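For reference, the structure discussed in these notes is given below.
Residue numbers (this note's numbering): 2 to 439.
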């Protein structure tokens with residue numbers, strides 16, 4: 002049966018209340034009240050209409066090879082027919098990120114990962130915060146930085162600004178959570194007419210006028226977008242702010258407002274700025290320009306593995322003189338990539354010929370031997386605060402190498418030896434096993 006659309010007046014304006022299909026089973030009952038979001042909402046029902054028949058559908062087995070596969074559109078996040086979300090604190094480049102993703106999907110080019118469809122998709126960006134000229138600047142910056150031919154975007158990229166065209170899919174009228182069915186119908190009609198594959202709504206909070214901390218309200222809003230995705234046969238991506246984190250790392254549960262946002266989205270990923278600790282290990286003095294993204298709630302993919310994709314926030318100088326931010330893929334360096342078996346053999350020899358302590362605070366720390374062999378400066382004798390960023394990064398690298406070699410067959414080990422005062426100290430030594438390649 003079709004869902005009901007009820008028209009009322011509120012402050013001189015027509016308001017449509019969309020009654021979800023899940024409530025239709027109660028049509029045979031007289032008028033009743035139900036609680037939504039902590040308040041009572043009057044639901045008009047026809048007491049004379051018979052209840053629709055309910056039938057249990059028998060399961061019919063078919064060859065799994067004949068079941069249509071899920072239609073992933075970009076990575077294992079954007080998926081046709083579902084609403085997904087991205088959660089991030091302010092200043093982490095979430096808008097710039099989704100713009101570059103949109104361009105990647107529209108052109109079919111792999112700009113920042115994600116394995117886009119090489120044929121290209123039709124993408125609709127609806128930025129609900131910025132004016133159209135600012136959106137143009139951001140798109141122009143991404144196009145310029147990634148060397149995109151603007152002609153390849155013709156008929157494939159659609160852009161709306163919430164400043165000129167506000168978009169509200171749900172609101173609260175008195176105590177009633179009201180999903181605006183005419184808005185859904187118009188969206189779906191436009192999506193179908195233009196063959197839109199992906200709709201990006203940024204930010205989600207501007208697409209509704211509901212209390213964020215009301216789980217029933219957030220559930221209704223996200224499910225309204227899921228309805229758009231289903232009826233429009235497209236992917237809907239909702240870009241959402243995180244709550245204030247107080248220095249903590251964002252997770253899916255950090256989404257601002259009620260937890261229903263995360264629960265109702267089919268998948269949620271998070272963006273985080275590089276931590277000071279991470280930057281120190283890598284010798285990066287400006288961690289604010291580096292962000293990571295990971296799936297934190299991939300309902301339709303394998304469980305999260307904490308695998309992070311890294312990106313760099315870049316500044317692009319446009320021909321009009323504006324500096325505008327964009328995003329580029331960044332490969333996090335592996336501290337151990339340039340460490341060779343020859344390095345290990347040299348350090349084993351040093352550890353066999355002299356005493357090197359495992360205590361980093363000691364002048365006889367074994368890390369000094371490693372640093373001399375691999376040719377890095379670790380700021381010997383300097384306190385942490387007086388070392389340069391590069392020296393602290395080199396010291397972190399030496400620690401990582403020692404840790405790796407302690408686990409390497411034929412590497413190094415820690416044993417206790419007596420010092421000049423006949424005190425037992427933990428010292429590095431060559432492993433009793435021969436090197437693996439000897």
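No residue lacks a Cβ here, since even glycine has one placed at the ideal position from N, Cα and C. Since we're looking at a predicted model, the values are computed, not measured.
Check each candidate in the options and name the one with the smallest Cα separation from residue i.
i, options, result
"residue 289", "266, 323, 328, 322", "328"
"residue 332", "373, 376, 283", "283"
"residue 352", "416, 68, 164", "416"
"residue 281", "142, 111, 404, 391", "391"
"residue 136", "106, 113, 158", "158"
"residue 276", "262, 264, 291", "291"
"residue 268", "369, 298, 279, 427", "298"
"residue 197", "208, 224, 229", "229"
"residue 214", "262, 187, 240, 224", "262"
"residue 334", "394, 365, 379, 378", "394"
"residue 102", "378, 222, 240", "240"
"residue 173", "222, 62, 272, 366", "222"
"residue 231", "199, 278, 60", "199"
"residue 432", "70, 346, 425, 389", "346"
"residue 427", "379, 397, 365, 389", "365"
"residue 111", "62, 330, 379, 65", "330"
"residue 336", "58, 434, 396", "396"
"residue 272", "363, 278, 312", "312"
"residue 350", "430, 434, 64, 55", "430"
Which partner residues of residue i appear in the DSSP bridge assignment?
i, result
"residue 425", "419"
"residue 272", "294"
"residue 75", "79"
"residue 86", "239, 269"
"residue 413", "431"
"residue 312", "292, 330"
"residue 1", "Since the first residue shown for the chain is 2 and the last is 439, residue 1 is missing from the structure and cannot be characterised."
"residue 299", "268"
Looking at residue j and residue i, is the spacing between their C-beta atoms short of 8 Å?
i, j, result
"residue 86", "residue 266", "yes"
"residue 340", "residue 413", "no"
"residue 257", "residue 244", "yes"
"residue 168", "residue 211", "no"
"residue 91", "residue 242", "yes"
"residue 310", "residue 293", "yes"
"residue 108", "residue 238", "no"
"residue 403", "residue 371", "yes"
"residue 400", "residue 368", "yes"
"residue 74", "residue 118", "yes"
"residue 208", "residue 170", "yes"
"residue 436", "residue 342", "yes"
"residue 78", "residue 296", "yes"
"residue 260", "residue 88", "no"
"residue 145", "residue 319", "yes"
"residue 148", "residue 116", "no"
"residue 176", "residue 133", "no"
"residue 189", "residue 233", "yes"
"residue 326", "residue 314", "yes"
"residue 218", "residue 185", "no"
"residue 1", "residue 131", "Absent from the structure is residue 1, since the part of the chain shown begins at 2 and ends at 439."
Quiz prompt | At least 3 beta-carbon pairs within less than 8 Å: the stretch 374-393 vs the stretch 406-426 | solution = Short answer: they don't touch.
Quiz item: If you scan the stretch 109-155 from start to end, which runs of the alpha helix (DSSP H) of 4 or more residues do you find wholly inside it?
Solution: Within the stretch 109-155, the complete alpha helix (DSSP H) runs of at least 4 residues are 133-146.
Exercise. Enumerate, from N- to C-terminal direction, the unbroken alpha helix (DSSP H) stretches of 4 or more residues contained entirely within the stretch 152-203.
Key: For the stretch 152-203, the continuous alpha helix (DSSP H) assignments of 4+ residues that do not extend past its boundaries occur at 182-195, in sequence order.
Self-check item: Cβ contact check for the stretch 186-197 and the stretch 239-256: 3 or more pairs under 8 Å
Solution: No: the two stretches stay apart, fewer than three of their Cβ pairs being nearer than 8 Å.
Quiz item: Quick one: any contact between the stretch 88-104 and the stretch 198-218, if contact means 3 or more CB pairs under 8 Å?
Solution: Three or more Cβ pairs closer than 8 Å define a contact, and the stretch 88-104 meets that threshold against the stretch 198-218.
Self-check item: Any beta strand (DSSP E) of 3 or more consecutive residues that is wholly inside the stretch 314-400
Solution: List check, beta strand (DSSP E) in window: 324-330.
Quiz item: Where in the stretch 231-277 do unbroken runs of the beta strand (DSSP E), each at least 3 residues long, occur, reported from the N-terminal end onward?
Solution: List check, beta strand (DSSP E) in window: 236-242, 268-274.
Exercise. Please determine if the stretch 76-83 and the stretch 124-136 are in contact, where contact requires at least 3 C-beta pairs separated by less than 8 Å.
Key: These segments do not touch.
Practice problem: Spell out a yes or no on whether the stretch 134-151 and the stretch 172-184 are touching, meaning 3 or more CB-CB pairs, one atom from each, closer than 8 Å. | Solution: Segments in contact, no.
Practice problem: Could you tell me whether the stretch 355-373 touches the stretch 414-434, using the rule of 3 or more Cβ pairs below 8 Å? | Solution: Short answer: they touch.
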